[in-house]
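Enquirer: Here it is, the structure in full.
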Amino acid sequence: MTEYKYIIVGGGAAGISLALNLLAEGENDFIILEKSSILGSSWDNMPDHLTLISSDHHNRILEENSPFSKLYRVPAKDFSKYLQEFQSQIKDKILFNQKVIGIERSTNSESSKWLTKTKERTFHSQNIIWCTGYFSTPYIPKFVVNNESTIHFKDFKNALEFRQKKILVVGKRLSAGQIIKELMEAQCNVHISTRSEIKFSPNKWIMNLLLYFLDPIEKFLLLFNKNLRVKEDIKMEASFAKKYFDEDSVTIHGDILEIDNHDVTFLNQESERFDKIILTTGFRPTPPPNISKVDFSQLKNHFEHPENPGFYFLGFEQQFNFRSRFLRGIRKDAKVLAKHLISSRK
Ligand SMILES: Cc1cc2nc3c(=O)[nH]c(=O)nc-3n(C[C@H](O)[C@H](O)[C@H](O)COP(=O)(O)OP(=O)(O)OC[C@H]3O[C@@H](n4cnc5c(N)ncnc54)[C@H](O)[C@@H]3O)c2cc1C
2 MTEYKYIIVG GGAAGISLAL NLLAEGENDF IILEKSSILG SSWDNMPDHL TLISSDHHNR
62 ILEENSPFSK LYRVPAKDFS KYLQEFQSQI KDKILFNQKV IGIERSTNSE SSKWLTKTKE
122 RTFHSQNIIW CTGYFSTPYI PKFVVNNEST IHFKDFKNAL EFRQKKILVV GKRLSAGQII
182 KELMEAQCNV HISTRSEIKF SPNKWIMNLL LYFLDPIEKF LLLFNKNLRV KEDIKMEASF
242 AKKYFDEDSV TIHGDILEID NHDVTFLNQE SERFDKIILT TGFRPTPPPN ISKVDFSQLK
302 NHFEHPENPG FYFLGFEQQF NFRSRFLRGI RKDAKVLAKH LISSRK
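Numbering-wise, the sequence shown is residues 2 to 347 according to the numbering used here.
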């Protein structure tokens with residue numbers, strides 16, 4: 002039986018960043034379990050047109066080594082390639098096609114505490130670090146019962162297959178704006194369903210300026226509140242779709258009561274038929290099996306499950322502050338966690 006000191010679940014930005022930091026600290030006794038066949042698969046599976054919203058240098062996963070220029074919106078696929086390049090440093094410290102389906106405390110082993118189960122194998126370790134991110138858990142609202150006419154943003158690749166079709170986009174944030182732009186360019190009849198008023202971010206130039214100075218702005222805000230939260234009310238980016246709303250080319254509906262295949266009934270009892278319904282309803286943290294749910298802002302030392310010593314999280318909202326789920330936070334948190342794990346010497 003092989004026993005590891007650390008099992009890292011997930012080979013995305015968080016898992017890779019932690020592995021690189023452990024190696025830099027001289028720690029070799031770990032393995033990453035990744036459910037797909039490449040590093041950074043979440044970003045590889047994203048829609049063809051998607052770029053990261055955070056610009057350029059914020060997106061690296063190590064302090065040193067920024068391959069992106071200062072005002073460059075990195076395409077998701079390029080970001081995935083950037084992550085895949087770390088394979089040469091991680092070498093055989095990752096096993097692919099190993100989806101973790103069960104976590105248990107071991108009862109009969111002398112030293113290992115945890116059993117991590119995939120379909121074919123059981124891994125023993127003293128610690129587990131859960132780095133599964135958000136992309137594996139799309140949020141599907143309750144009114145979606147029949148999936149035939151409905152897809153989630155995560156399964157949208159590009160608008161070509163929807164050309165000239167009547168499409169309902171559900172949601173009003175960043176990804177809704179990105180998809181609406183593409184659908185309009187593909188001459189679709191675009192409708193949107195939203196619970197509340199659609200708000201737009203500032204225009205492209207102001208956005209670029211804000212993104213350019215993002216780091217000092219955030220550092221300044223964190224000086225006053227180190228656990229700073231940001232409002233969940235993320236706006237649609239003006240440069241994507243605002244002009245289509247200004248010219249009334251997008252039909253706006255209220256919230257949905259039910260969807261019966263292609264027929265959608267809205268809360269105001271109006272019904273309409275659509276060729277496709279695209280959910281841009283976001284993602285949720287991917288939870289570990291059999292581990293009780295926690296508030297990520299209440300973890301022990303920002304990382305450890307309060308009732309499960311040796312079970313850690315990395316890459317989730319508010320572990321330190323709002324940056325913890327973004328690449329610029331993950332990069333910093335991974336360094337702190339690696340040092341914490343080494344100094345604990347569990
Ligand atoms: C739509 C969207 C856009 C975003 N845009 C940005 C942005 O522009 N900039 C930014 O900084 N942040 C952005 N984020 C936040 C994003 O979550 C982080 O940037 C980053 O990708 C998180 O890295 P991660 O390693 O935590 O998750 P991921 O990159 O998703 O990696 C998780 C890995 O875990 C694997 N996995 C999942 N479940 C299992 C399992 N059971 N067993 C084994 N492996 C498993 C997955 O295959 C994946 O490889 C965005 C998030 C979303 C949802």
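Every residue gets a Cβ at the ideal spot worked out from N, C-alpha and C, and that includes glycine.
1. Among Pro-139, Ile-199, Ser-293, Ser-18, which has the Cα closest to the Cα of Thr-252?
2. Going by the beta-carbon positions, is the gap between Gly-134 and Thr-287 smaller than 8 angstroms?
3. When you compare the stretch 148 to 163 with the stretch 28 to 36, are there three or more beta-carbon pairs, one atom per stretch, that lie closer than 8 angstroms?
4. Does the stretch 315 to 335 come close enough to the stretch 11 to 26 to have 3 or more Cβ pairs within less than 8 angstroms?
5. I need the straight-line Cα distance from Lys-167 to His-263, nearest angstrom please.
6. Apply the 10 Å Cβ neighbour rule to Gln-179 and answer buried if 16 or more other Cβ atoms are within range, or exposed otherwise.
7. For Asn-22, which of helix, strand or coil comes out of DSSP?
8. Could you tell me the alpha carbon to alpha carbon distance between Ile-207 and Val-231, rounded to whole angstroms?
9. Could you check whether Leu-40 and Ile-130 sit closer than 8 angstroms to each other, using their CB atoms as the reference points?
10. Who pairs with Glu-273 in a beta bridge, going by DSSP?
11. Would you call Val-146 buried or exposed, if buried means 16 or more other Cβ atoms sit within 10 Å of its Cβ?
12. Assign Met-237 to one of two classes, buried (16 or more other C-beta atoms within 10 Å of its C-beta) or exposed (fewer than that).
13. Leaving aside the five residues before and after Ile-292 along the sequence, list all residues of the same chain whose C-beta is less than 7 angstroms from its C-beta, in chain order.
14. Per DSSP, Gly-103 is paired with what?
15. Where do the ends of the alpha helix (DSSP H) carrying Phe-337 lie?
16. Quick one: is Arg-332 buried, meaning 16 or more other Cβ sit within 10 Å of its Cβ, or exposed?
17. Which residues bound the beta strand (DSSP E) around Ile-152?
18. Report yes if the C-beta distance between Ile-278 and Thr-151 is below 8 angstroms; otherwise report no.
19. Please state whether DSSP places Leu-96 in a helix, a strand or coil.
20. Return yes when the C-beta of Thr-282 is under 7 angstroms from any heavy atom of ligand 1, and no when it is not.
21. Taking DSSP as the reference, what is the three-state secondary structure of Asn-309?
22. Quick check: does the Cβ of Val-101 come within less than 7 angstroms of any heavy atom belonging to ligand 1?
23. On the DSSP letters alone, give me the boundaries of the beta strand (DSSP E) that Leu-34 sits inside.
24. List the whole-angstrom C-beta distance separating Phe-275 from His-192, where the pair is believed to meet the contact cut-off of C-beta under 8 angstroms.
Expert: Let me spell this out:
1. Indexing the sequence shown from 1 puts residue 252 at position 251. If we check each option's Cα against that of Thr-252, Ile-199 comes out closest.
2. As a first step, residue 134 is located in the sequence shown; it is residue number 133 there, counting from the start. As a first step, residue 287 is located in the sequence shown; it is residue number 286 there, counting from the start. Going by C-beta atoms, Gly-134 is nearer than 8 angstroms to Thr-287.
3. no
4. yes
5. The residue given as residue 167 occupies position 166 in the sequence shown. The residue given as residue 263 occupies position 262 in the sequence shown. Cα to Cα, the separation comes out at about 11 angstroms.
6. Here the question's residue 179 lines up with position 178 in the sequence shown. Buried, since its Cβ has 16 or more Cβ neighbours within 10 Å.
7. Taking the first residue of the sequence shown as position 1, residue 22 is located at position 21. Helix.
8. Translated into the one-based positions of the sequence shown, residue 207 becomes position 206. Translated into the one-based positions of the sequence shown, residue 231 becomes position 230. If you take the alpha carbons of Ile-207 and Val-231, they lie about 19 angstroms apart.
9. By one-based count along the sequence shown, residue 130 stands at place 129. By one-based count along the sequence shown, residue 40 stands at place 39. No; because the gap between Cβ atoms is not below 8 angstroms, this pair is not in contact.
10. Stepping through the sequence shown from its first residue, residue 273 is reached at position 272. In DSSP, Glu-273 forms a bridge with Val-265.
11. Numbered from 1 along the sequence shown, position 145 holds the residue referred to as residue 146. Classification of Val-146: exposed, given that the 10 Å Cβ count is below 16.
12. As a working mapping, residue 237 is identified with position 236 in the sequence shown. The residue in question, Met-237, is buried, as its Cβ has 16 or more Cβ neighbours within 10 Å.
13. Start at 1 with the first residue of the sequence shown, and residue 292 comes out as number 291. Contacts found: Ile-104, His-306, Asn-309, Phe-312.
14. Working through the sequence shown from its first residue, we reach residue 103 at position 102. In the DSSP output, where bridge partners are listed per residue, Gly-103 has Lys-118.
15. Counting from one through the sequence shown, the residue named residue 337 turns up at place 336. Strictly speaking, residue 337 in this sequence is Val, with Phe absent from that position. Element bounds for Val-337: 328 to 345.
16. Reading the sequence shown from its first residue, position 331 is the one you call residue 332. The residue in question, Arg-332, is buried, as its Cβ has 16 or more Cβ neighbours within 10 Å.
17. Residue numbering aside, residue 152 sits at position 151 when the sequence shown is read from its first letter. It spans 151 to 153 - the beta strand (DSSP E) in which Ile-152 sits, taken as one unbroken run.
18. Stepping through the sequence shown from its first residue, residue 278 is reached at position 277. Stepping through the sequence shown from its first residue, residue 151 is reached at position 150. A contact, by the Cβ cut-off of 8 angstroms.
19. Translated into positions along the sequence shown, residue 96 becomes position 95. Residue state, collapsed to three classes: strand.
20. Reading the sequence shown from its first residue, position 281 is the one you call residue 282. False, no ligand heavy atom lies under 7 angstroms from that Cβ.
21. Here residue 309 refers to the residue found at position 308 when the sequence shown is read from its first residue. In this structure, Asn-309 counts as coil in the three-state DSSP scheme.
22. Within the sequence shown, the letter at position 100 stands for residue 101. Answer for Val-101: yes, Cβ within range of ligand 1.
23. On the sequence shown, position 33 is the one that residue 34 refers to. Residues 31 to 34.
24. Translated into the one-based positions of the sequence shown, residue 275 becomes position 274. Translated into the one-based positions of the sequence shown, residue 192 becomes position 191. Contact holds; Cβ gap of about 7 angstroms.
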